[in-house]
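Under numbering that gives the first Met the number 0, think of the first position of the sequence shown as 0, with each following residue one higher.
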Amino acid sequence: MVHANFEGATNVIKNTYTVTCILEAVMTNPNGDPDMGNTPRQDIETGIGVITDVALKRRIRDYVEAAYGEESGMEILMHNGVSVNKEIAKAVLEVNGMQKFSEKFTNPKVRESADFINQKFWDARTFGAVLATGRNGGQVNGPVQFGMAMSVDPIHIEDMTITRMCYADGKDFTTIEEYEKEEAERPQDKKRTMGNKKVISYGLYIVQATISPSLAAKTGFTERDLQILFEAMLQMYDFNNTASKQGMRMASPLIIFKHVGTHPENPDEAAKEALLGCAPAHRLYNMLHVTKKGTVEFPRSFDDYEIALKVSEIEKAAASGVQIGFKDLPFADVVWEQKNPDEFANIAKENNIQLV
């Protein structure tokens, strides 16, 4: 494997991106807190629901691993049940041309070790990684960062008692006869076990993410990596819908802001602006308005909300050097409002997003 500096690579992303979308949760546990008995996470003071950035990235990793993990350069570093230090050690040995570590080894090729990790693992060059937990492989600051997804309104948590019509005693029995004897002698009312299931009645969550081309240049995050990220975001709940996540779905297209610059007549200046960002993220996020309809007290469906993008703000964003686009299907191209306003408007209508 070639260890390279990614600065100036032609396929590395060159534009800043700001991304937002809406997740819907219906009678499900969007993200349980293990320190709270797996209760759905929420802001204790406001009741607003929370999905951690770590939970979102876990589901994205799982999708990418299943869809692309067999390809070179598309492995997942933060893999369930795998020693991260083992992978770091492999990288350090490889770049130093060694078979094993000496007793007092100090890695002289920290940058090369990080480059090795970035080239091999999609999630490392996307989200970053701490590589100093074992043999020092440095640290990777990832270009893609998610905030915690927050619900629009306070969530109501329901703690349901459930019954399992079987039991799981006898783990130390040595013969099948012992299991059968115990089963025959057990009273009928002791052959069931009780449990609980914590869900929220309903919630709409706003996801926000930023993508930095300056950090992409350091990790080698490419245009293809970006498209795979968008694909995974749209697929992450439908692809691996576990029992606890039944009821989770992507409720809107990805709303993508691409920073392109304000000087089309001056490519160098436009490229600089695109690299640094043309508008603050909060201003772009605030273009999306999600409000509960006035007649609704307890929302229970997506139709209980009004979703809007302000056209005047879209025009301001365009003047600031930012294009806005929708991606509503995982394998379709992004539809940019400035390039195809009619199709953009149709996607908005199909997804109950008002352009006001």
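Don't be surprised by glycine CBs; every beta carbon is placed ideally from N, CA and C. The structure displayed is predicted, hence computed values, not measured ones.
Where Glu-70 falls: helix, strand or coil (DSSP): On the sequence shown, residue 70 is found 71 positions in, with the first residue counted as 1. In the structure shown, Glu-70 sits in coil (DSSP, three-state: anything other than H, G, I, E or B).
Spatial distance of Arg-299 from Arg-60 (CA atoms): Walking along the sequence shown from the start, residue 299 turns up at place 300. Walking along the sequence shown from the start, residue 60 turns up at place 61. So the two alpha carbons sit approximately 30 Å from each other.
Coarse secondary structure for Glu-23, derived from DSSP in three states: To locate residue 23, count along the sequence shown from 1; it is residue 24. Shown here, Glu-23 sits in a strand according to DSSP, grouped into three states.
Residue environment, Ser-211, which counts as buried when at least 16 other CB atoms sit within 10 Å: Stepping through the sequence shown from its first residue, residue 211 is reached at position 212. Ser-211 comes out buried.
Any alpha helix (DSSP H) of 4 or more consecutive residues that is wholly inside the region 132-211: Unbroken alpha helix (DSSP H) runs of no fewer than 4 residues, entirely contained in the region 132-211, are found at 175-184, following chain order.
Through-space distance from His-258 to Ala-347, alpha-carbon basis: Here residue 347 is taken as the residue at index 348 of the sequence shown, counted from 1. Here residue 258 is taken as the residue at index 259 of the sequence shown, counted from 1. Those two C-alpha atoms are separated by around 21 Å.
Own chain, CB closer than 7 Å to Asn-195, minus 5 neighbours either side, in chain order: Position 196 of the sequence shown, counted from the first residue, corresponds to residue 195. Only Asp-158, Met-159, Thr-160, Ile-161 meet the Cβ criterion.
Alpha-carbon spacing of Asn-140 relative to Asp-168, whole angstroms: The sequence position of residue 140 within the sequence shown is 141, counting from 1. The sequence position of residue 168 within the sequence shown is 169, counting from 1. Between Asn-140 and Asp-168, the C-alpha separation is close to 48 Å.
Cβ separation of Ala-128 and Leu-55, assumed to be a contact under 8 Å, to the nearest whole Å: Locating residue 128 in the sequence shown gives position 129, counting from the first residue. Locating residue 55 in the sequence shown gives position 56, counting from the first residue. Between Ala-128 and Leu-55 a beta carbon distance of about 17 Å is seen, past the 8 Å cut, so the two are scored as non-contacting.
Burial state of Ile-175, where buried means 16 or more other Cβ atoms lie within 10 Å: In the sequence shown, counting from the first residue as 1, residue 175 sits at position 176. Around the C-beta of Ile-175, fewer than 16 other C-beta atoms lie within 10 Å, and the residue is accordingly described as exposed.
Residue burial classification, Cys-20 (beta-carbon count within 10 angstroms, cutoff 16): Stepping through the sequence shown from its first residue, residue 20 is reached at position 21. Answer is buried; the Cβ neighbour count reaches 16.
Where Lys-271 sits in the DSSP three-state scheme: Residue 271 sits at position 272 when you count from the first residue of the sequence shown. Helix, per DSSP.
Touch test, the region 141-154 against the region 205-220, Cβ-Cβ under 8 Å, three pairs minimum: Output reads yes: the region 205-220 touches the region 141-154.
Beta-carbon proximity of Leu-283 to Ala-316, cut-off 8 Å: For this step, residue 283 is matched to residue 284 along the sequence shown. For this step, residue 316 is matched to residue 317 along the sequence shown. Between Leu-283 and Ala-316, the gap from beta carbon to beta carbon is short of 8 Å.
Bounding residues of the beta strand (DSSP E) (the contiguous stretch that carries Thr-290): If you number the sequence shown from 1, residue 290 lands on position 291. Element bounds for Thr-290: 287-291.
Neighbour-count burial assignment, Met-0, 16 or more Cβ in a 10 Å radius: The residue you call residue 0 lines up with position 1 of the sequence shown. Only weak support exists for where Met-0 lies, its pLDDT of 40 falling under 50; the value from the coordinates is given anyway. It counts as exposed.
Cβ-Cβ distance between Arg-191 and Met-164 below 8 Å: The residue you call residue 191 lines up with position 192 of the sequence shown. The residue you call residue 164 lines up with position 165 of the sequence shown. Yes, Cβ-Cβ distance for Arg-191 and Met-164 is below 8 Å.
Status (buried if at least 16 other CB within 10 Å, exposed otherwise) for Lys-108: Your numbering for residue 108 matches position 109 in the sequence shown. Within 10 angstroms of the beta-carbon of Lys-108 lie 16 or more other beta-carbons, which makes it buried.
Unbroken stretches of the alpha helix (DSSP H), 4 residues or longer, contained in the region 9-62: Counting only unbroken stretches of 4 or more residues, no alpha helix (DSSP H) element lies wholly within the region 9-62.
Where Val-355 falls, given that 16 or more other Cβ within 10 Å makes a residue buried: Within the sequence shown, residue 355 is the residue found at index 356, counting from 1. By the C-beta density criterion, Val-355 is exposed, having fewer than 16 other C-beta atoms within 10 angstroms.
Identified DSSP bridge partners for Lys-257: The residue given as residue 257 occupies position 258 in the sequence shown. Partner(s): Tyr-16, Gln-322.
Local Cβ density within 10 Å of Pro-29, reported as buried at 16 or more and exposed below that: Here residue 29 corresponds to residue number 30 of the sequence shown, with the count starting at 1. Burial of Pro-29 is indicated by the presence of at least 16 other C-beta atoms within 10 angstroms of its C-beta.
Test item: CB-CB of Gly-137 and Ser-101 under 8 Å: Within the sequence shown, the letter at position 138 stands for residue 137. Within the sequence shown, the letter at position 102 stands for residue 101. Going by beta carbons, Gly-137 and Ser-101 fall outside the 8 Å limit.
Helix, strand or coil at Glu-64 [DSSP, three-state]: Walking along the sequence shown from the start, residue 64 turns up at place 65. Glu-64 falls in the helix class under three-state DSSP.
CB contact flag (Gly-358, Arg-40, <8 Å): The chain is shown only over 0 to 355; residue 358 falls outside these bounds and no answer can be derived.
For Phe-120, three-class secondary structure by DSSP: The residue labelled residue 120 in the question sits at position 121 within the sequence shown. Three-state result, Phe-120: strand.
Three-state secondary structure (DSSP) of Gln-98: Here residue 98 corresponds to residue number 99 of the sequence shown, with the count starting at 1. Looking at Gln-98 - three-state DSSP - the assignment turns out to be coil, as it is neither helix nor strand.
Three-state secondary structure assigned by DSSP to Thr-221: Indexing the sequence shown from 1 puts residue 221 at position 222. DSSP places Thr-221 in strand when its eight states are reduced to three.
Short Cβ contact (8 Å threshold) for Phe-325 with Pro-252: By 1-based counting over the sequence shown, the position of residue 325 is 326. By 1-based counting over the sequence shown, the position of residue 252 is 253. One thing to note: Phe-325 has its Cβ within 8 Å of the Cβ of Pro-252.
Residues bridged to Met-247 [DSSP beta-bridge criterion]: Here the question's residue 247 lines up with position 248 in the sequence shown. The secondary-structure analysis by DSSP pairs Met-247 across a beta bridge with Ala-24.
When Ile-87, Leu-22, Asp-122 are compared against Tyr-67, the one with the closest alpha-carbon: Looking up residue 67 in the sequence shown gives position 68. Out of Ile-87, Leu-22, Asp-122, Asp-122 has the C-alpha closest to the C-alpha of Tyr-67.
Element boundaries [alpha helix (DSSP H), containing Leu-328]: Taking the sequence shown and counting its residues from 1, the one referred to as residue 328 is at position 329. Looking at the DSSP string, Leu-328 is not in any alpha helix (DSSP H), and its letter there is neither H nor E.
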